[in-house]
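To start, the structure under review is shown below, and the notes come after it.
In the numbering used here, the protein residues as written are 94 to 283.
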């Protein structure tokens, strides 16, 4: 098509980024489904077919999802966030409700742990909080708390990262949140 090799690699990377998003959404949805009693993540590596869906490419090299990111939503214990609005695109003064769930199929009970969360962008924490005294036994999915975030005043649009974790564990998950300043229409503008 007359395009440079850079364009080809950019297209492959864009496809890998979309795959990363849908892997996360799909597995988190399965874990939140009250009638789903398990799932299989088929093909950890891309196979010779048009539906390349593995975590790794055909040469066992990582694509857009890292093993650490994947563990956040596919490990034995996963923090899940049910968000309203679901599209996670918010303007200043908008509110985001987060229902925090714990999908716990590990070995040990989580006892009196605090679930810490933070919303950060460009290396700066915008908002942070905790759900204190989380207690969950293994073998199910449990609602552990709710948070209501009100978006502060902004100067520029931000791709923020919402991160939730239990301290001193490898139980951690994160989500992209898009924040935009309020747009005030100009007088006599179409």
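Even glycine gets a Cβ: it sits at the ideal position worked out from N, Cα and C.
Point to revise | Those residues which DSSP pairs with residue 185 across a bridge | key: Answer is none; residue 185 lacks a bridge partner.
Practice item. Tell me the start and end of each unbroken beta strand (DSSP E) in the segment 154 to 225 that is at least 3 residues and wholly inside, in chain order. Key: Counting only runs of 3 or more, we get 170 to 177, 182 to 184, 188 to 197 and 203 to 214.
Point to revise | Cα-Cα separation between residue 238 and residue 280, rounded to whole angstroms | key: Between residue 238 and residue 280, the C-alpha separation is close to 44 Å.
Point to revise | Identified DSSP bridge partners for residue 269 | key: Paired residues: 254.
Point to revise | Opposing strand residues paired with residue 95 [DSSP bridges] | key: DSSP output for residue 95 lists no bridge partner at all.
Review point. If we ignore side chains and look at the alpha-carbon of each, how far apart do residue 95 and residue 243 end up?
Key: Rounded to the nearest whole angstrom, the C-alpha separation of residue 95 and residue 243 is 48 Å.
Point to revise | Given 8 Å, three or more beta-carbon pairs between the segment 130 to 149 and the segment 180 to 192 | key: Segments in contact, no.
Check your understanding: Which residues share a DSSP beta bridge with residue 234?
Key -> Note: residue 234 sits in a beta bridge opposite 196.
Exercise for review: Rounded to whole angstroms, what's the CA-CA distance from residue 120 to residue 180? Just pull it up for me.
Suggested key: The alpha-carbon of residue 120 is positioned some 17 Å away from that of residue 180.
Review point. What residues in its chain sit with their C-beta under 8 Å from that of residue 234, if we drop five residues either side in the sequence?
Key: Contacts found: 124, 125, 127, 173, 194, 195, 196 and 197.
**Study point:** Secondary structure of residue 242, DSSP reduced to three states
**Key:** DSSP places residue 242 in strand when its eight states are reduced to three.
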